[in-house]
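Residue numbers (this note's numbering), protein chains in the order written: chain A, 40 to 377; chain B, 40 to 377; chain C, 40 to 377.
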Amino acid sequence: MAMLLIGFGFLMVFVRKYGRSALTATFLLVSISLPMYMSMKGLGIFEAKGEIEQLILAEFGAASLLIAAGAILGRIRMIQYIILGLLFIPFYMFNELIVIGDYFHFVGKVADTGGSIVIHAFGALFGIAAAVSLTTQEDMEIPIESDATTDKYSVLGSMVLWVFWPSFCAALVPIEAIPHTVVNVFIALCGSTIAAYVASVLIRGKVSIADIANAALAGGVAIGATCDFASHPQAMIIGVIAGAISTIGFAILQNKQQRIHKIVDTCGVSNLHGIPGIFGGLAAIVVIDGIDIYAQLKGITITVFIAVLAGLLCGKVISLFGKTKDVYDDSAEFLANE
Amino acid sequence: MAMLLIGFGFLMVFVRKYGRSALTATFLLVSISLPMYMSMKGLGIFEAKGEIEQLILAEFGAASLLIAAGAILGRIRMIQYIILGLLFIPFYMFNELIVIGDYFHFVGKVADTGGSIVIHAFGALFGIAAAVSLTTQEDMEIPIESDATTDKYSVLGSMVLWVFWPSFCAALVPIEAIPHTVVNVFIALCGSTIAAYVASVLIRGKVSIADIANAALAGGVAIGATCDFASHPQAMIIGVIAGAISTIGFAILQNKQQRIHKIVDTCGVSNLHGIPGIFGGLAAIVVIDGIDIYAQLKGITITVFIAVLAGLLCGKVISLFGKTKDVYDDSAEFLANE
Amino acid sequence: MAMLLIGFGFLMVFVRKYGRSALTATFLLVSISLPMYMSMKGLGIFEAKGEIEQLILAEFGAASLLIAAGAILGRIRMIQYIILGLLFIPFYMFNELIVIGDYFHFVGKVADTGGSIVIHAFGALFGIAAAVSLTTQEDMEIPIESDATTDKYSVLGSMVLWVFWPSFCAALVPIEAIPHTVVNVFIALCGSTIAAYVASVLIRGKVSIADIANAALAGGVAIGATCDFASHPQAMIIGVIAGAISTIGFAILQNKQQRIHKIVDTCGVSNLHGIPGIFGGLAAIVVIDGIDIYAQLKGITITVFIAVLAGLLCGKVISLFGKTKDVYDDSAEFLANE
């Protein structure tokens, strides 16, 4: 189980393409959210659990926080990332308590082993909602720069995540279900990788390496809700669909979304985590025999609701603390190379 | 055992130095070969096995495929990589079935725990044979470019593989043999690393960082066949010899090979995987008490035979689909940086 | 337990910023020290142990050697690294034998599970003492160059180490103590990361990315001695203090140290491993109930004594073999890119 820690570490690495700020922010967000989650768990509201399980749950929370931060990366100051972390974790835990823990006994049993809904969709929607107050006219006009090295980095980061994804999903699965879960996650990832390539070529004519880097992982996001229940062919189908819709998102919808909603989603988290996460949650209804359909739909709806509301609120609060002077440039806060 | 997945992931990273095409090809080859291998295993010809064991065997196949692709990297189009994957896996499984599974009962018991013969030598020979039809006069005149950053990447990739190699070899070893196997593989890698340095200095006068990056791993390739049987001093000797012959291969033979056989072996897989793999398979004859010498020799011969024949055939088929316009340059198929 | 191997591999990666020489040196140091440690263990003086435990202890030794090498990196020739490795390991094992093995029965029981004292402080002090004979006037005038890419590499290397640190500390802990140990190490690392950021901003006005990359790990160094005994809040306090003193060391003391002691400590090992290591060893006196205070103090004193003496001696011996012509430039020993 401890293998999750590794995968998790590389999740941080993945966000590296915006330089020193992104790396430092990632480091700080993780360092704040882990102890915060674990100490809040000790307050008595929550079910008592083993230390390792609690650590893994804390890491799930940190992963969701990093996804949320991905939507506004590059446009806030370091102190604002810290505020984001402090505000995000309580909302995340509240949603987890209601949807997974069924604290108020009005949701029922939601299938979401690997966190398609409560980790990926929650984080993505929170981040996008927060971006509403944190996107200026200027942000929309400045292109997010990348170069060949940066692009290669993202594919490598994506590969690392790809390889570790199964351990992430299998971290809290009962030991006898681990082999089936691990194979399912790999198959879904294979599906989304192939689909990402095909969709990228069909839509754009040429391959966009950014599509591959991102959409290859969409299968992992989407299989989360059903990773221990789906058959292998179902896992393949879920992966292929997730890869395709994620690529369509990156290649077609992203620019439209920015123009219509006036939001810049720096890392494209809505296309990688948001839509595939919700798709994965809905797929459980088809895949899992005897699933409580209403509980599943309620769980998704509540997650969307809390994430958007909390994200809007937090975005507003964070925006009170100002804004980076130079978008996507960290020289205002970092020393030049010595 | 699941640790193998990680090592495997980094195997892909290792091939990164030819840019976006190499990364995308790696991603696609893995995504095609894993489900293909696993679904073919379900056809009934093969012995039934646990899901994790099957996944590991599928990854062994994918690793061998990546080795084969290393020989022709940079000179074919993306669609041709896909064809390579589709053609390679059946031949690989056929060879595995005959040599390891002893399907026709005419080989006997071959010692090849870590795949020196059926993974490394097979993949390398297949790749080189395929390169016969896929090397043009032009390829031989264009140097394969690398720069300081690229070189550092390969050493880092090599280090990652170095560290994960023992888990790769120990993945299917019985649990009580794991400690001895892991230590043996590390010792062999230490031996080949030291030998690579010494040989590089002796042959070239100065150190070639490419020699270090490659030949340091030769001990891991060669110890594969005997990793659970060799004593520690034997492991050291195998490692040192493998490191030395691999370095000699890179420093002296590679250019001659290209001129004589009219083949360009992009990643030098014959020197890293081919020769050390066969050496490792032969070393088993000396190292393992009571080994069936004829079975071992038959296993090696059959592997060489199938690999070369299948490689020649597949190279021919792949060459029917054309050729990249610009060798070692992926701008024809990839979008420029956005 | 085998997870330590991975963390260890990335420790090597961390040292990469001085290019091909650093990488090759790292490779060689590890390849020499592992078999040397293990074969010396077989001489009969030492307690017999399982093969994996012995491998892990050998890796602890290699880690300490890499720390020592960090202090003089970039200023010696390749052959001198090899001599360093050959000289270091016997002294390291001698210190380990006396302080941890209590061979002469005059130290008593020292608390140092994760090696704050015998791995980190020993390696750092050895390296700094060796630097006395290996620092020239010229070294002190030449700045150690880094650039934006290099800086990002170090943060990434630091993140990898951060994630693997808990498995390093927990590698030899009894299985029932692993969860508490792992959580403690993570908490200490969170503490030092936050402290490094805060201290860097307070001292320098802006964030130095090098401070973050280094001091974020100081909590891991310091918690080593008490990782299985400290409570979680104590782990947080130890982490915060270690991160703060390490950042103060990098930001304020490093330049003074160089001027006063006429030593250049290339990687700043005294601030990352030396001071936090000794602090961690001392913290055990406060943290662990019923600890043998005199044994702990004796253990630290003996380690400091042996490390400094052995380091001075080895530095002298190594200096007899000459010096690199061009400091921090490896073109004298490496072929240009082919």
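We put the beta carbon where it would ideally sit given N, CA and C, even for glycine.
Query, Result
"N-terminal and C-terminal residue of the alpha helix (DSSP H) that A/Ile137 is part of", "Met117 to Val138"
"Candidates B/Gly113, B/Ala290, B/Ala264 and B/Arg243: closest to B/Thr174 by CA position", "B/Gly113"
"Chain A contact residues for C/Lys80, given Cβ-Cβ distances below 9 Å", "Under the 9 Å cutoff, chain A gives no residues; its nearest Cβ is about 27 Å from C/Lys80."
"Nearest-angstrom Cα separation, counted from C/Gln273 out to B/Gly109", "51 Å"
"Minimum Cβ-Cβ distance from C/Thr305 to chain B less than 9 Å", "no"
"Residue nearest to A/Leu33 in terms of C-alpha spacing, selected from A/His300, A/Leu311 and A/Leu62", "Outside the displayed span of chain A (40 to 377) sits residue 33 of chain A, for which this structure offers no information."
"Start-to-end residues for the alpha helix (DSSP H) that takes in C/Ser247", "From DSSP, C/Ser247 is part of no alpha helix (DSSP H); its letter is neither H nor E."
"Same chain, Cβ closer than 7 Å to C/Ala334, five either side skipped, listed in chain order", "Val146, Gly147, Lys148 and Val149"
"Option nearest C/Val382 by Cα separation, candidates C/Ala349, C/Trp201, C/Ile327 and C/Gly282", "Given that chain C is displayed from residue 40 to residue 377, the structure contains no residue 382 of chain C and the question cannot be resolved."
"Contact with chain A by B/Leu105, beta-carbon distance below 9 Å", "no"
"Where C/Thr340 falls, given that 16 or more other Cβ within 10 Å makes a residue buried", "exposed"
"Under 8 Å (Cβ pairs) to chain A, residues found in the region 218-235 of chain C", "Pro218, His219, Val221, Val222, Phe225, Ile226, Leu228, Cys229, Gly230, Thr232 and Ile233"
"Cross-chain neighbours of B/Ser70 in chain A, by beta carbon under 7 Å", "Cys229, Thr232 and Ile233"
"Through-space distance from B/Ile167 to B/Met75, alpha-carbon basis", "23 Å"
"Between the CA atoms of C/Pro218 and C/Met40 - distance to the nearest angstrom", "Reliability of the predicted coordinates at C/Met40 is poor, the pLDDT of 42 falling under 50, and the value obtained from them is presented with this limitation in mind. Taking the straight line joining both Cα atoms gives about 13 Å."
"Classification of B/Arg59 by the beta-carbon crowding that lies within 10 angstroms, buried from 16 upward", "buried"
"Same chain, Cβ closer than 6 Å to A/Ser309, neighbours up to 5 away in sequence not counted", "Ala163 and Ile167"
"Per-residue burial, B/Glu135 [other beta carbons within 10 Å of its own, 16 or more giving buried]", "buried"
"Cβ-based burial, B/Pro129 [other Cβ within 10 Å; buried from 16]", "exposed"
"Rounded C-alpha distance that separates A/Ala169 from A/Ala323", "28 Å"
"C-alpha gap between C/Met77 and A/Ser358, whole angstroms", "58 Å"
"Length of the line joining the Cα atoms of B/Arg116 and B/Leu104", "16 Å"
"Within-9 Å CB hit, A/Leu195 to chain B", "yes"
"Integer-rounded CB distance, given that A/Val279 should sit under 8 Å from A/Gly316", "About 17 Å separates the two Cβ atoms, so there is no contact after all."
"Three-state secondary structure (DSSP) of C/Tyr142", "coil"
"Length of the line joining the Cα atoms of B/Phe318 and B/Leu82", "34 Å"
"Closest by C-alpha distance to C/Ser72, when choosing among B/Leu211, B/Ile121, B/Gly196 and B/Thr232", "B/Thr232"
"Three-state secondary structure assigned by DSSP to B/Pro213", "coil"
"Rounded straight-line distance, which links the Cα of A/Val221 to that of B/Ile327", "35 Å"
"For C/Ile226, the nearest candidate out of C/Asp267, C/Pro213, C/Ser247 and C/Ile248 (CA to CA)", "C/Asp267"
"Where the alpha helix (DSSP H) containing B/Asn294 begins and where it ends", "Gln293 to His300"
"A/Ile121 versus A/Ala61, A/Leu195 and A/Ile158, residue with shortest Cα-Cα distance", "A/Ala61"
"Short Cβ contact (9 Å threshold) for C/Gly153 with C/Phe66", "no"
"Residues near B/Cys353 in its chain [Cβ-Cβ closer than 6 Å; skip 5 each side]", "Leu126 and Ala169"
"Residues of its chain near C/Ile158, where Cβ-Cβ distance is below 7 Å and the 5 sequence neighbours each way are ignored", "Phe99, Ala102 and Ser103"
"Within 8 Å of chain F by C-beta, residues of the region 277-291 of chain B in sequence order", "Judged by its chain identifiers, the structure shown contains no chain F, and its protein chains are A, B and C."
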